[in-house]
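Read through the structure below, which is laid out as structure tokens, and then see the notes.
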Amino acid sequence: LGQLNMFGRSSPDRAQAELTKADQLAKKLFPPASTEQAFVQFTQGDLAMRQGQTREAIGYFQKAAQNSGNMAPALRLRMLTAAARNMLNQNQAEPAVMLLQPVVSAGNVSDREVMDVTLTYCEALIASNQNDQAISVLSKSVVAASSIETKNRYEMVL
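First residue of the sequence shown: 648, per the working numbering; consecutive thereafter.
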């Protein structure tokens, strides 16, 4: 799937054809809510976003979020954060908020991974004019952070 991202930049049609094959294969081999299905859906979202198909991309990202529950928590957060940043780059703040909202308080990951998703979530909140909510999330994150370095970084953003 990583190579599909590279193809998508230079040859979107080829990437789409390869991704369609990957999707069909994943559907045959893995259950719908599998990590493998989620990887395909994240990649479909990335490709759709590159092709200007924002509505379709958001749908793929939402499906991927639903199907990624069995991923390692750190990997899931990275994938969701990347999808939300992709949405923000296309001025889609509300869907980015909805994508990240359920995972902002995720456990079992390092401060750094939580910080990345939290800061992206707050960026989406601010872009959707929810400034007070962003300040609240950041304030709670300062208290919850386990390292001094992370606390300081959150405080700098505040």
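Ideal Cβ positions, reconstructed from N, Cα and C, are used throughout, including at glycine.
Take residue 718 and list the residues in its own chain whose beta-carbon comes closer than 8 angstroms to its own, dropping the five residues that flank it on each side. Position 71 of the sequence shown, counted from the first residue, corresponds to residue 718. Cβ within range, chain order: 682, 685, 726.
Using the rule of at least 16 other Cβ atoms within 10 Å of the residue's Cβ for burial, across every protein chain shown, is residue 653 buried or exposed? To locate residue 653, count along the sequence shown from 1; it is residue 6. Only weak support is given to the placement of residue 653: the predicted model assigns it a pLDDT of 49, under 50, and the value that follows is read from those uncertain coordinates. Residue 653 is exposed by the Cβ-count criterion.
Do you know how far the Cα of residue 771 is from the Cα of residue 698? Within the sequence shown, numbered from 1, the residue matching residue 698 stands at position 51. Within the sequence shown, numbered from 1, the residue matching residue 771 stands at position 124. Between residue 698 and residue 771, the C-alpha separation is close to 22 angstroms.
7 angstroms CB neighbourhood of residue 706 in its chain, flanking five on each side removed: Counting from one through the sequence shown, the residue named residue 706 turns up at place 59. Excluding sequence neighbours, residue 706 sits near nothing in its chain.
Flag residue 713 as yes when its Cβ comes closer than 7 angstroms to any non-hydrogen atom of the ligand GDP, and as no otherwise. For the ligand GDP, the structure offers nothing, since it holds no ligand at all.
Same chain, Cβ closer than 6 angstroms to residue 805, neighbours up to 5 away in sequence not counted: Here residue 805 refers to the residue found at position 158 when the sequence shown is read from its first residue. Its chain contains 785 as the residues whose beta carbon lies nearer than 6 angstroms to that of residue 805, once the 5 sequence neighbours on both sides are disregarded; these appear in chain order.
Can you tell me which of 723, 721, 692 puts its alpha carbon nearest to the alpha carbon of residue 708? Locating residue 708 in the sequence shown gives position 61, counting from the first residue. Ranking the options by Cα distance to residue 708, first place goes to 692.
Straight-line gap, residue 660 to residue 751 (C-alpha atoms, nearest Å): The count along the sequence shown starts at 1 and reaches residue 660 at position 13. The count along the sequence shown starts at 1 and reaches residue 751 at position 104. So the alpha carbons of these two residues sit roughly 35 angstroms apart.
Hey, residue 690 and residue 666 are a contact pair by Cβ (cut 8 angstroms); roughly how many whole angstroms apart? For the purposes of this step, residue 690 is taken as the residue at position 43 of the sequence shown. For the purposes of this step, residue 666 is taken as the residue at position 19 of the sequence shown. Contact between residue 690 and residue 666 holds: their C-beta atoms lie close to 6 angstroms from each other, under 8 angstroms.
Boundaries (first-last residue) of the alpha helix (DSSP H) holding residue 689: Your numbering for residue 689 matches position 42 in the sequence shown. Element bounds for residue 689: 682-697.
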